[in-house]
Amino acid sequence: MPDLKMAEATAKSAGAEVLSVSELQAWYGESHILHGVNFNVKAGEVVTLLGRNGAGKTTTLKSVMGIIGKRTGSIRFNGQDITRASSDRIARQGIAFCPEERGIFASLDVRENLLLPPVVRSGGLSLDQIFELFPNLKERLNSQGTKLSGGEQQMLAIARILRTGARFLMLDEPTEGLAPVIIQQIGHTIARLKSEGFTILLVEQNFRFASTVADRYYIVEHGKVIDGFANSELSANMDKLHTYLGV
Amino acid sequence: MQALYAQLLVGLINGSFYALLSLGLAVIFGMLNIINFAHGALYMMGAFCAYFLLNLAGIGYWWALIIAPIVVGIFGMILERTMLQWLAGLDHLYGLLLTFGIALIVQGVFQNYFGSSGLPYAIPDYPQIGDWRGLQGGINLGFMFLPIYRGWVVIFSLVVCLATWFLIEKTQLGAYLRAATENPTLVRAFGINVPRMITLTYGLGVGLAALAGVLSAPINQVRPLMGADLIIVVFAVVVIGGMGSIMGSIITGFALGVIEGLTKYFYPEASNTVVFVLMVLVLLVKPTGLTGRAA
Chain G
1 MPDLKMAEAT AKSAGAEVLS VSELQAWYGE SHILHGVNFN VKAGEVVTLL GRNGAGKTTT
61 LKSVMGIIGK RTGSIRFNGQ DITRASSDRI ARQGIAFCPE ERGIFASLDV RENLLLPPVV
121 RSGGLSLDQI FELFPNLKER LNSQGTKLSG GEQQMLAIAR ILRTGARFLM LDEPTEGLAP
181 VIIQQIGHTI ARLKSEGFTI LLVEQNFRFA STVADRYYIV EHGKVIDGFA NSELSANMDK
241 LHTYLGV
Chain H
1 MQALYAQLLV GLINGSFYAL LSLGLAVIFG MLNIINFAHG ALYMMGAFCA YFLLNLAGIG
61 YWWALIIAPI VVGIFGMILE RTMLQWLAGL DHLYGLLLTF GIALIVQGVF QNYFGSSGLP
121 YAIPDYPQIG DWRGLQGGIN LGFMFLPIYR GWVVIFSLVV CLATWFLIEK TQLGAYLRAA
181 TENPTLVRAF GINVPRMITL TYGLGVGLAA LAGVLSAPIN QVRPLMGADL IIVVFAVVVI
241 GGMGSIMGSI ITGFALGVIE GLTKYFYPEA SNTVVFVLMV LVLLVKPTGL TGRAA
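So the sequences go chain by chain: G and H. All the letters of the first sequence, read from the start, carry residue numbers 1 to 247 under UniProt numbering. All the letters of the second sequence, read from the start, carry residue numbers 1 to 295 under UniProt numbering.
So this is what it looks like as structure tokens:
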């Protein structure tokens, strides 16, 4: 574990690219959703994709995960080309995905949901560490997965991918539909994960939430990345951002 | 009273086959979304496999119980890889038609070589311990005479059904299976090779059918159409029980066997139709079956 942290710290100072996406195009059946997406994520960063509904943020995550059937361009993860890999192989490279709809399984209880994703490499959080982050889950282990509240389901959806040893997490709108106090808890969790060396790619509509955790932003519109800036440049970009997001 | 117990036993035995077959159908339907009409033909192949093992290789019943499900299971997995996998995402009708076609071809081939009459398969007479001659003979229970082989079929089927239930409902592998039944895309995105799991699941369901075939060989003889006769009733059982539930298909299988047996005693004229009457009633009241989810 200390070795791992050292390695990640070195990678972070070197700013190694964990994920680099270039000219990514993707289709849902006949409809062409992504028209050449370019962005990258460096080790230890929290990067947020912002954009209106239907801009292609979720499709971008799903393309990286290998879930979208037809995709072209280039997706490289830790130097490996994963553009055409199947999603189970991509997961085994160390990418974990938390979908927008959370994907809690109704026919599994909380414990089974939590233990479902297989460990893909060492260095994942132990169950004790997970329960420390999400104490609620420990009390609900024997409940049916979908009997949990929305907030608890979101915590379960994040918790189960922390066990796997994947160090690159993709979270699709983790705050959607949740109460402010729970959004805050998820914010703390993301900050904590970042401090432990996780790299996180976040999709958010909730810009105020994103601004509390993100290092950098990319703006997605009509299936393309049209802009990007660091959190430190946020105030300078506020006007542009309002135009992009239409808020 | 003797006759009633005898019919109850016949009912339990038929129920064992219903349960094993509908269990396999439920597992396959859950994972592949295919109504496996080839199930009866694969059951028949299990019985023939035992017959071949005995008559061509001198390999007896006990080994056949293990080998036949594996051999027929592998045949099933080849079917899945070469044909069924291409139906993923299509309407149920395509899978039903394809597997129905496979059933007709398989049955036709066996009929061509073996005709329609039954081939004998003896109840195993080993191991011999003291007075026991394998599973031959019977025990007088006081209220009835129990042929040992029939008692064995009921108990062994029950054990296999419960073991399958345990595998699916209580193990990590089963959790993968249940999760993949709900959302295969996400399970795959967690790093699980779902296509391989689908193939193995089909193999498991087919293996259960073949196992039922071996169990049935000493009771019903080995006939090319043995599965075709049985599968119609089994589908009625599945409709009554509902496709979605493992325990549901086990319980419904045994229960309908017993109901059929009781009908044979109290009103024999209806014994061949009672299952279908029940099916109609269940469909009228609860179209998804007694324990089923909407498909």
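Built from N, CA and C at the ideal position, the CB exists for glycine as well.
| query | Could you give the distance in angstroms between the alpha-carbon of H/Arg81 and the alpha-carbon of H/Asn193? | reply | Locating residue 81 of chain H in the second sequence gives position 81, counting from the first residue. Locating residue 193 of chain H in the second sequence gives position 193, counting from the first residue. Their Cα atoms are separated by approximately 14 Å.
| said: Taking 8 Å as the limit between beta carbons, can you name the residues of its chain near G/Ile104, skipping five residues before and five after? | reply: Counting from one through the first sequence, the residue named residue 104 of chain G turns up at place 104. Cβ neighbours of G/Ile104 beyond the five flanking positions: Asn113, Gly145, Thr146, Leu148, Gln153, Leu156, Ala157.
| message | Whole angstroms are fine: how far does the CA of G/Leu171 sit from the CA of G/Ile190? | response | Stepping through the first sequence from its first residue, residue 190 of chain G is reached at position 190. Stepping through the first sequence from its first residue, residue 171 of chain G is reached at position 171. Taking the straight line joining both Cα atoms gives about 10 Å.
| request: Pull up the CB-CB distance for H/Met45 and H/Gly213, whole angstroms please, since I reckon it's below 8 Å. | output: As a working note, residue 45 of chain H is residue 45 in the second sequence. As a working note, residue 213 of chain H is residue 213 in the second sequence. Going by Cβ atoms, the distance from H/Met45 to H/Gly213 rounds to 7 Å, so yes, they are a contact pair.
| For the 8 Å Cβ check, are there 3 or more pairs between the region 230-238 of chain H and the region 20-29 of chain H? | yes
| Contact list for the region 188-202 of chain H against chain G, Cβ threshold 8 Å | Arg188, Ala189, Phe190, Gly191, Ile192, Asn193, Val194
| Taking Cβ positions, are G/Arg52 and G/Glu221 nearer each other than 8 Å? | On the first sequence, residue 52 of chain G is found 52 positions in, with the first residue counted as 1. On the first sequence, residue 221 of chain G is found 221 positions in, with the first residue counted as 1. In contact: G/Arg52 and G/Glu221 (Cβ atoms closer than 8 Å).
| message | For a cutoff of 8 Å on Cβ pairs, would you count H/Ala228 as touching chain G? | response | Taking the first residue of the second sequence as 1, we reach residue 228 of chain H at position 228. Chain G contact via Cβ: absent.
| task | Below 6 Å CB to CB, which residues in the same chain sit around G/Thr212 once its five sequence neighbours on both sides are set aside? | result | Within the first sequence, residue 212 of chain G is the residue found at index 212, counting from 1. So the list reads Gly187, once near-sequence residues are dropped.
| field | Cβ shell of H/Leu211 (< 6 Å), same chain only, five flanking positions each side left out | value | Taking the first residue of the second sequence as 1, we reach residue 211 of chain H at position 211. Here the set comprises Pro69.
| query | Of all Cβ atoms in chain G, is any one closer than 8 Å to the Cβ of H/Asn33? | reply | For the purposes of this step, residue 33 of chain H is taken as residue 33 along the second sequence, with counting starting at 1. Not closer than 8 Å to any Cβ of chain G, the Cβ of H/Asn33 fails to qualify, so no.
| Which stretch, first to last residue, makes up the beta strand (DSSP E) that contains G/Phe77? | Sequence index remark: in the first sequence, residue 77 of chain G carries index 77 (1-based). Its beta strand (DSSP E) spans residues 70-77.
| field | Extent of the continuous alpha helix (DSSP H) run through G/Asp88 | value | For the purposes of this step, residue 88 of chain G is identified with residue 88 of the first sequence, where counting begins at 1. Here the alpha helix (DSSP H) through G/Asp88 covers 87-92.
| Going by alpha carbons, who is nearest to H/Ala50 out of H/Ile102, H/Leu262, H/Met247, H/Pro120? | Counting from 1 along the second sequence, the entry for residue 50 of chain H is found at position 50. When only C-alpha atoms are compared, the closest one is H/Pro120.
| query | What are the partner residues of G/Ile219, as DSSP defines its beta bridges? | reply | Numbered from 1 along the first sequence, position 219 holds the residue referred to as residue 219 of chain G. For G/Ile219, which the question treats as bridged, DSSP gives the partners G/Leu50, G/Asp227.
| Helix, strand or coil at G/Phe39 [DSSP, three-state] | Looking up residue 39 of chain G in the first sequence gives position 39. Correct three-state label for G/Phe39: strand.
| task | Check whether the Cβ of H/Gln85 lies closer than 8 Å to any Cβ atom in chain G. | result | As a working note, residue 85 of chain H is residue 85 in the second sequence. H/Gln85 does not count as touching chain G.
| request: Check distances from the C-beta atoms of the region 70-96 of chain G to those of chain H and list, in chain order, the residues that come in under 7 Å. | output: Ser87, Asp88, Ala91, Arg92
| query | What separation, rounded to the nearest whole angstrom, lies between the Cα atoms of H/Leu8 and H/Leu256? | reply | Position 8 of the second sequence, counted from the start, is the residue given in the question as residue 8 of chain H. Position 256 of the second sequence, counted from the start, is the residue given in the question as residue 256 of chain H. Approximately 11 Å between the Cα atoms of the pair.
| So, do the region 30-43 of chain H and the region 55-69 of chain H have three or more beta carbon pairs nearer to each other than 8 Å? | no
| Which residues of chain G have a Cβ atom closer than 7 Å to the Cβ of H/Glu182, listed in chain order? | By one-based count along the second sequence, residue 182 of chain H stands at place 182. Per Cβ cutoff of 7 Å: Phe105, Ala106, Ser107.
| field | chain H within 8 Å of G/Glu176, Cβ atoms only | value | Start at 1 with the first residue of the first sequence, and residue 176 of chain G comes out as number 176. Answer no: the Cβ-Cβ gap between G/Glu176 and chain H never drops below 8 Å.
| How about H/Arg81: is its C-beta nearer than 8 Å to some C-beta of chain G? | As a position in the second sequence, residue 81 of chain H is number 81, starting the count at 1. By this cut-off, H/Arg81 is not an interface position.
| request: Note down the Cα distance separating H/Pro287 from H/Val277, rounded to an integer number of angstroms. | output: One-based indexing of the second sequence puts residue 287 of chain H at position 287. One-based indexing of the second sequence puts residue 277 of chain H at position 277. Computed Cα separation, rounded: 14 Å.
| query | Of all Cβ atoms in chain H, is any one closer than 8 Å to the Cβ of G/Pro117? | reply | Along the first sequence, one-based indexing puts residue 117 of chain G at 117. Closer than 8 Å: yes.
| When the Cα of G/Leu245 is compared with those of G/Ser143, G/Phe229, G/Gln205, which residue comes out closest? | The residue given as residue 245 of chain G occupies position 245 in the first sequence. Answer by Cα proximity: G/Gln205.
| C-beta atoms of H/Gln136 and H/Ile123 nearer than 8 Å | Position 136 of the second sequence, counting from 1, holds the residue named residue 136 of chain H. Position 123 of the second sequence, counting from 1, holds the residue named residue 123 of chain H. In contact: H/Gln136 and H/Ile123 (Cβ atoms closer than 8 Å).
| task | Please work out which residues of its chain come closer than 6 Å, Cβ to Cβ, to G/Ala230, disregarding the five sequence neighbours upstream and downstream, and give them in chain order. | result | Taking the first sequence and counting its residues from 1, one reaches residue 230 of chain G at position 230. Here the set comprises Arg216.
| field | Chain-ordered residues of the region 38-72 of chain H with a beta carbon less than 7 Å from chain G | value | none
| task | Would you mind giving the Cβ-Cβ distance between G/Leu193 and G/Ile182, rounded to the nearest angstrom? I have them listed as a contact below 8 Å. | result | One-based indexing of the first sequence puts residue 193 of chain G at position 193. One-based indexing of the first sequence puts residue 182 of chain G at position 182. About 16 Å; that fails the 8 Å criterion.
| message | One question on the structure: do residue 323 of chain H and G/Asp88 come within less than 8 Å of each other, judged by their Cβ atoms? | response | No answer is possible for residue 323 of chain H: the residues shown for chain H start at 1 and end at 295.
| Candidates H/Ile59, H/Ile219, H/Ser249, H/Asn36: which alpha carbon is nearest H/Ile148's? | If you number the second sequence from 1, residue 148 of chain H lands on position 148. When only C-alpha atoms are compared, the closest one is H/Ile219.
| Boundaries (first-last residue) of the beta strand (DSSP E) holding residue 254 of chain G | In the structure as shown, chain G starts at 1 and stops at 247, and residue 254 of chain G therefore has no counterpart that could be examined.
| Three-state secondary structure (DSSP) at H/Thr99? | Mapped onto the second sequence, residue 99 of chain H falls at position 99. Three-state result, H/Thr99: helix.
| request: Just the C-alpha distance for H/Arg188 and G/Arg160, rounded to the nearest angstrom, thanks. | output: Residue 188 of chain H sits at position 188 when you count from the first residue of the second sequence. Residue 160 of chain G sits at position 160 when you count from the first residue of the first sequence. Answer to the nearest angstrom: the Cα atoms are 15 Å apart.
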